[in-house]
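**Student:** Protein chains in written order, with this note's numbering: chain A, 1 to 339; chain B, 340 to 678; chain C, 679 to 1017; chain D, 1018 to 1356.
4 protein chains.
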Amino acid sequence: MKGFASDNNAGICSEILKAISEVNSGHVVAYGDDAITKKAELRFKQTFGPESEVFFVFNGTAANVLSLKALTQSFNSVICTTSAHIYNDECGAPESLTGCKLLPIETPDGKLTPELISNYLGGRGDQHHVQAKVVSITQATELGTVYSLEEIRLVTKFAHSEGLFVHMDGARISNAAAHLNCSLKEVTADVGIDVLSFGGTKNGLMGAEAVVFLKPKITLDFKYLRKQYMQLSSKMRFIAAQFDALLTGDLWRKNALHANAMAQKLASGLSDLKAVKLCQKVQSNGVFVQIPREKIKSLQERFFFYVWNEKRSEVRWMTSYDTTEEDVDNFLKIIKEEL
Amino acid sequence: MKGFASDNNAGICSEILKAISEVNSGHVVAYGDDAITKKAELRFKQTFGPESEVFFVFNGTAANVLSLKALTQSFNSVICTTSAHIYNDECGAPESLTGCKLLPIETPDGKLTPELISNYLGGRGDQHHVQAKVVSITQATELGTVYSLEEIRLVTKFAHSEGLFVHMDGARISNAAAHLNCSLKEVTADVGIDVLSFGGTKNGLMGAEAVVFLKPKITLDFKYLRKQYMQLSSKMRFIAAQFDALLTGDLWRKNALHANAMAQKLASGLSDLKAVKLCQKVQSNGVFVQIPREKIKSLQERFFFYVWNEKRSEVRWMTSYDTTEEDVDNFLKIIKEEL
Amino acid sequence: MKGFASDNNAGICSEILKAISEVNSGHVVAYGDDAITKKAELRFKQTFGPESEVFFVFNGTAANVLSLKALTQSFNSVICTTSAHIYNDECGAPESLTGCKLLPIETPDGKLTPELISNYLGGRGDQHHVQAKVVSITQATELGTVYSLEEIRLVTKFAHSEGLFVHMDGARISNAAAHLNCSLKEVTADVGIDVLSFGGTKNGLMGAEAVVFLKPKITLDFKYLRKQYMQLSSKMRFIAAQFDALLTGDLWRKNALHANAMAQKLASGLSDLKAVKLCQKVQSNGVFVQIPREKIKSLQERFFFYVWNEKRSEVRWMTSYDTTEEDVDNFLKIIKEEL
Amino acid sequence: MKGFASDNNAGICSEILKAISEVNSGHVVAYGDDAITKKAELRFKQTFGPESEVFFVFNGTAANVLSLKALTQSFNSVICTTSAHIYNDECGAPESLTGCKLLPIETPDGKLTPELISNYLGGRGDQHHVQAKVVSITQATELGTVYSLEEIRLVTKFAHSEGLFVHMDGARISNAAAHLNCSLKEVTADVGIDVLSFGGTKNGLMGAEAVVFLKPKITLDFKYLRKQYMQLSSKMRFIAAQFDALLTGDLWRKNALHANAMAQKLASGLSDLKAVKLCQKVQSNGVFVQIPREKIKSLQERFFFYVWNEKRSEVRWMTSYDTTEEDVDNFLKIIKEEL
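#1: For the putative contact between B/C419 and A/K227, defined by C-beta atoms under 8 Å, what is the C-beta separation to the nearest angstrom?
#2: According to DSSP, is A/A245 part of a helix, a strand, or is it coil?
#3: Would you mind stating whether A/N285 and A/A256 have Cβ atoms separated by less than 9 Å?
#4: Just to confirm, are A/H179 and A/V211 a CB contact at a threshold of 9 Å?
#5: Can you name the residues that DSSP bridges to B/Y645?
#6: Go ahead and pull the three-state DSSP assignment for D/M1366.
#7: First and last residue of the alpha helix (DSSP H) that includes A/A261?
#8: Note down, in chain order, every chain A residue with its Cβ under 8 Å from the Cβ of B/G543.
#9: Check the C-beta distance from B/S391 over to B/F552 and give it rounded, since I have them as a contact under 8 Å.
#10: Return the bridge partner residues of A/G286 from the DSSP annotation.
#11: Which runs of the alpha helix (DSSP H) fall wholly inside the region 847 to 901 of chain C and span at least 4 residues, in chain order?
#12: For C/A855, is the beta carbon positioned less than 8 Å from some heavy atom of the ligand FAD?
#13: Using a Cβ-Cβ cut-off of less than 7 Å, list which residues of the region 770 to 789 of chain C approach chain A; keep chain order.
#14: If I measure Cβ to Cβ from C/A867 and keep anything under 6 Å in the same chain, skipping five residues before and after, which residues do I get?
#15: Determine the burial state of D/E1311: buried for a count of at least 16 other Cβ atoms within 10 Å of its Cβ, exposed for fewer.
#16: Have a look at D/A1292, D/V1345, D/L1083, D/V1299 and flag the residue whose alpha-carbon is nearest the alpha-carbon of D/S1330.
#17: According to the Cβ coordinates, are C/A918 and C/E793 closer than 9 Å?
#18: Does DSSP put B/N403 in a helix, in a strand, or in coil?
#19: Using 8 Å as the threshold, is the region 597 to 615 of chain B in touch with the region 455 to 472 of chain B, meaning 3 or more CB pairs across them?
#20: How would you label D/T1340, buried or exposed, when you count the other beta carbons within 10 angstroms and need 16 or more for buried?
#21: Contact criterion: CB-CB distance below 9 Å. Does A/V65 meet it with respect to chain C?
#22: With three or more C-beta pairs closer than 8 Å as the rule, is the region 1068 to 1085 of chain D touching the region 391 to 402 of chain B?
#23: Looking only at its chain, what residues have a beta carbon closer than 6 Å to the beta carbon of A/I12, apart from the 5 residues adjacent to it on each side?
#24: In this structure, how does DSSP classify C/Q809 when only helix, strand and coil are distinguished?
#25: Pull up the distance between the alpha-carbon of C/V701 and that of B/A498, whole angstroms please.
#26: Quick check on the burial criterion: 16 or more other C-beta atoms within 10 angstroms. Buried or exposed for B/T421?
#27: Could you check what DSSP says for A/L363 in three-state terms: helix, strand or coil?
#28: Using a 10 Å radius around the Cβ and a threshold of 16 neighbouring Cβ atoms, would you call C/D950 buried or exposed?
#29: Pull up the distance between the alpha-carbon of C/V967 and that of C/N686, whole angstroms please.
#30: Any idea if A/D382 is buried or exposed, counting beta-carbon neighbours within 10 angstroms, 16 or more meaning buried?
#31: Mark D/L1114 as exposed unless 16 or more other C-beta atoms lie within 10 angstroms of its C-beta, in which case mark it buried.
#32: I need the DSSP call for C/P782, collapsed to helix, strand or coil.
#33: Listed from N- to C-terminal order along the chain, which residues in the region 707 to 732 of chain C have their beta-carbon within a distance smaller than 8 Å of any beta-carbon of chain B?
#34: Determine the burial state of A/A259: buried for a count of at least 16 other Cβ atoms within 10 Å of its Cβ, exposed for fewer.
#35: Compare the Cα-Cα distances from B/K593 to each of B/S353, B/S536, B/T558, B/F343 and report the closest residue.
#36: Any idea which residues DSSP pairs C/T816 with across the strands?
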């Protein structure tokens, strides 16, 4: 049974599993020096521009942490929101593995702005203070909202003027680009992002993410970091093939559009329920709602999901590439029964 | 075309790919809290004993580094051979991520002995010196040799008497157990190993390794280390299913026996060639030979392989679970033509 | 000329310089294995109780960082205030060298309470979240306030009930004990503190701080951490002699009482100035006041001091063991002229 | 009573203690932004050249580790001798705090040569291998020998041609320069050294060492590293004043020449003793001799010293700036009685 707990709970998209199977014949050189990997790397260059450079890693935490590691020294700081995955959900990996302090900013919709960032730039040049070096934004945000292209442009312009890099945690970048009806390049390189964590797993891959450097000359030596931080796959062809398939015929967009549409359908179906209050705009594949505290447990028993904020009685419902209309209808029916 | 460069160059064993495919339906809880993962974990307990505890990770470097991390503090040292994977082939990950110094010991056959280890135990209790805490042995060794059960027992007994843990890098533990005609438990827990890096990738998996704690109470808190060190898979079921299949019906042994047999066949075929000198006993799936320096390049062009030691003109030929008798015959034919 | 910028700007108290000079004859064993160091260590046991154990280090950052290092693993978090020295003034050393995340809590007077702490204990047992392990409080606080013994007791009782250690940054512990008119033991060990950074430098030493473990069995192996983190002095006798002198005849209290009294005198002298608004209770040797923004610069030119909070136009005036009544009168005269 | 165990066992040279005392009046800005520190920094520029830049730290381990930290990333390696202080005597601090692997080279006299180094340069550009980045030499060596200027020049020329930096652990650089009868600049910057750990403590200081960058543009950001790694002194004037005094009127040379002469006197006095075999040339302030194993203990009881190599029954006798002719005569008398 499919649920609405997490897009990580879905399996492998059929096109992806097929791609894994198709490259499984004979021997190829390990560790990425093979034709399948080269082909996938070329697809990334076609997608993000000829100056971009991609490195495949195993999971999203690694994509984020190694992106930050490449941009910082241990005395730097990274500015992010209090809801950022790097701040909340990676067991302190960013601090522990980069040495940097994360500067968390409260924000109602999961988005940073130049004004918010500017409060965290004190102590530049003072040896007693960490030196801000990176702004990390999440697109789509952890709250299901999506930065407009203009909003990103304002952040990157301000950040660059202050000597800061901008990293994008794009675990759900496909959902954001689908929502904005733009290309992956338009929502990243073209609006000034320096380094991107490109998410595959939440969009139908078995398990693979990519660090994409969008500007030349940042990447020097990154291959050693990837290896030393235990993210170099020996049978790389199977990761590469997944990405190659995801970028073929815009499968990434097809999957993301579907997940987004299912979230819209779910939100629409909730609109006439007085007991349910939408907490955020539904712009990607997440629906954040406040529901009566006393109803949470019984509802969870029928369809498991996570409580997002205990205090506010706010819960998170996620759709994925494989959520069907029937799944949504079924879930709505149960919600209505319970609430 | 299949080669003899590395067992990492082989693809996914058909039973394993089938297992991945079979668990790919519907949603399951992410990050390992699902029935497929529980089943695989149970198989490890059945294999290594009820007190053992397993944690799946993405690759061999991670299995080794996190094993050592769990056993040490930053001021400890780890005793290993100069040929150990942790010393040579992990881009300094063990030092960088555990903080520990590795103490490398020269040994002709890749094996440690109590006598060799005893030279590296100076400075105990002296605050100026790193404090030896772990002996790490590799089974089968990087040189294709295999410790006998008695040899391991001597090492673990000595190490424990000195207050040291013993870690086994078992990237090719299946080949060793196949050679020794014993169970996985007999070659690890039963002879005193504390923590095992259990290798799957070199024996037919798509990409998965496991840290197996063989003694109770070492593992406390390891789940946080795995997450923080970026080795927690979200779609864990696909890693778990691979291991479940590998341990089902002793597939691990079948694959390893075959690879070992192919190495024996290759070595036998070389025995009447004067230009080829065997450097190590062939006890697993590696054949280490000295060949005329001037012949290396032309031979590599027909069948790629790695030079192991430039100075000694020593090369390494590896077989794998999918090497066929024809592959070996064909390779032998070419060797004879070239040498 | 003496100023009110920082208690770090004062020199060496005469008794301390004399102590350094007196132990400077002949050879003694280096690295702390000498009679002078043993004598100082014994004084700490007499001061803090027989179960306590002291380790001398070079500066306050080291005392704090190594205290936290001894209590944590990299996946832990440390709860502190946003005004804590470990959060603001150590260039990210705590995160970088312990790997831990610091959880900063806003508080008006620099003090933590059980209620404030309880908001930061989520995610216990969840592998995605850092695991809270230490509460770090500062006594006297960075804002010049002092926890009462009862306030500390409430924090330590709550923290211990939640499985947390309590660290005290005691860079100005002497000023706090002087204010509370209690012994050093009463304000630390007796109210439940686990580990103390005992400050010497701000109270007249040339440069020396101490990590004091107040409970048995925490310290195991700390000597290796101190050495590895570059805090073991070779000519230890000269650090030890400073502490021995500081604890002799309660020199620590004499110096601290005097600095506190000078702060009181300064605050009293300001009370009839309408342009000056006291921001915090004056309980140690710091006076925090709001003054007209446009007056700051001209006043700084005559007596240098630091702006504490630009936005609030708040400045910090510190007294020290060597501040004289004349210094205060002189400063008050200038303030009155300028404001 | 003065001994021959270690130059760290000596106290503070009278000129140095006087210098500390003389700068102890009034308030000065903390953390190095004061006139006394500026004056000492200027002296370093006069000593090592206008392009050099100095940073004071607390001890030798810090000077070495932070020098290496400034030159490396975590995937680099540092080439040194097996007798190097960074390899043996710093409790793994270099590995733990830089993340780098140390590549230890056996050498009979403590000196590296281009030929020895060249064996450790394999794996350049290979992501599986650490990337050699620094050669660290010790002058005078841990064995009391001294590199000639030409020997250093050969090492730096070779290292630079291979893209490596050269660090000099100059804990006893003064003894080396005194032996070579050259300036401090001639034995460092002029022969190609990139970064120097300049030792003060073993030559009469209370406790202070310096990192000296000898080439421009290496130092960018070093102030943050020093602070974060807990080596920024608040009352910096007292460290600066020691160095200022050491460099005034070549006090460094006077002290070192005397220590060296006392070592020569000791060695000469041993020359007619059959039971004593000199193991190394006496070129600085250390005398390494083989003595009958059974005599060591009784001799140690009368004059404590360290056994350097248990297996070879080799012991180390060190002289210092304050060793007198009478001390040497007395020690020789006792040696003759015992052996």
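Glycine included, C-beta positions come from ideal geometry on N, C-alpha and C.
**Tutor:** So, from the data block:
#1: Looking up residue 419 of chain B in the second sequence gives position 80. Looking up residue 227 of chain A in the first sequence gives position 227. Rounded, the Cβ-Cβ distance is 18 Å, inconsistent with contact.
#2: For the purposes of this step, residue 245 of chain A is identified with residue 245 of the first sequence, where counting begins at 1. It is helical.
#3: Locating residue 285 of chain A in the first sequence gives position 285, where the first residue counts as 1. Locating residue 256 of chain A in the first sequence gives position 256, where the first residue counts as 1. Their beta carbons are under 9 Å apart, which means A/N285 touches A/A256 by this criterion.
#4: Residue 179 of chain A sits at position 179 when you count from the first residue of the first sequence. Residue 211 of chain A sits at position 211 when you count from the first residue of the first sequence. Taking 9 Å as the Cβ cut-off, A/H179 and A/V211 do not qualify as a contacting pair.
#5: As a first step, residue 645 of chain B is located in the second sequence; it is residue number 306 there, counting from the start. The partner list for B/Y645 (beta bridge, DSSP) reads B/R655.
#6: For chain D, the structure presents residues 1018 to 1356; residue 1366 of chain D sits outside this window and is missing.
#7: Position 261 of the first sequence, counted from the first residue, corresponds to residue 261 of chain A. 251 to 270 is the extent of the alpha helix (DSSP H) around A/A261.
#8: Along the second sequence, read from residue 1 onward, the residue named residue 543 of chain B stands at position 204. Per Cβ cutoff of 8 Å: no residues; B/G543 is ~10 Å from chain A at best.
#9: Sequence index remark: in the second sequence, residue 391 of chain B carries index 52 (1-based). Sequence index remark: in the second sequence, residue 552 of chain B carries index 213 (1-based). Between B/F552 and B/S391 the Cβ distance is about 6 Å, and since that is below 8 Å, they are a contact.
#10: If you number the first sequence from 1, residue 286 of chain A lands on position 286. Beta-bridge pairing links A/G286 to A/M318.
#11: List check, alpha helix (DSSP H) in window: 851 to 858.
#12: Looking at this structure, you won't find the ligand FAD or any other ligand, since it has none at all.
#13: G770, E773, S774, G777, C778, K779
#14: Residue 867 of chain C sits at position 189 when you count from the first residue of the third sequence. Within the same chain, Cβ atoms closer than 6 Å to the Cβ of C/A867 are found at F726, G727, L892, the five residues on either side in sequence being excluded.
#15: For the purposes of this step, residue 1311 of chain D is taken as the residue at position 294 of the fourth sequence. Exposed, by the Cβ-count rule.
#16: Residue mapping note: residue 1330 of chain D aligns to position 313 of the fourth sequence, counting from 1. Checking every option, the nearest Cα to that of D/S1330 belongs to D/A1292.
#17: Here residue 918 of chain C is taken as the residue at index 240 of the third sequence, counted from 1. Here residue 793 of chain C is taken as the residue at index 115 of the third sequence, counted from 1. In this structure, C/E793 does not lie closer than 9 Å to C/A918 by Cβ.
#18: Position 64 of the second sequence, counted from the first residue, corresponds to residue 403 of chain B. Residue state, collapsed to three classes: helix.
#19: No, the region 597 to 615 of chain B is not in contact with the region 455 to 472 of chain B.
#20: Locating residue 1340 of chain D in the fourth sequence gives position 323, where the first residue counts as 1. Counting Cβ neighbours within 10 Å, D/T1340 comes out buried, since at least 16 surround it.
#21: Indexing the first sequence from 1 puts residue 65 of chain A at position 65. Chain C contact via Cβ: absent.
#22: no
#23: Position 12 of the first sequence, counted from the start, is the residue given in the question as residue 12 of chain A. Hits under 6 Å: M206.
#24: The sequence position of residue 809 of chain C within the third sequence is 131, counting from 1. Residue state, collapsed to three classes: strand.
#25: Translated into the one-based positions of the third sequence, residue 701 of chain C becomes position 23. Translated into the one-based positions of the second sequence, residue 498 of chain B becomes position 159. One C-alpha to the other measures close to 45 Å.
#26: For this step, residue 421 of chain B is matched to residue 82 along the second sequence. It counts as exposed.
#27: Residue coverage of chain A in this structure runs from 1 to 339, which leaves residue 363 of chain A outside it and unanswerable.
#28: Here the question's residue 950 of chain C lines up with position 272 in the third sequence. Exposed is the call here.
#29: On the third sequence, position 289 is the one that residue 967 of chain C refers to. On the third sequence, position 8 is the one that residue 686 of chain C refers to. Spanning the two alpha carbons is a distance of roughly 20 Å.
#30: Residue 382 of chain A is absent from the structure shown; chain A starts at 1 and stops at 339.
#31: Stepping through the fourth sequence from its first residue, residue 1114 of chain D is reached at position 97. That one is buried.
#32: In the third sequence, the residue the question calls residue 782 of chain C occupies position 104. Looking at C/P782 - three-state DSSP - the assignment turns out to be strand.
#33: Y709
#34: For the purposes of this step, residue 259 of chain A is taken as the residue at position 259 of the first sequence. Label assigned to A/A259: buried.
#35: The count along the second sequence starts at 1 and reaches residue 593 of chain B at position 254. It is B/S353.
#36: As a position in the third sequence, residue 816 of chain C is number 138, starting the count at 1. Looking at the DSSP assignment, C/T816 forms a beta bridge with C/D847.
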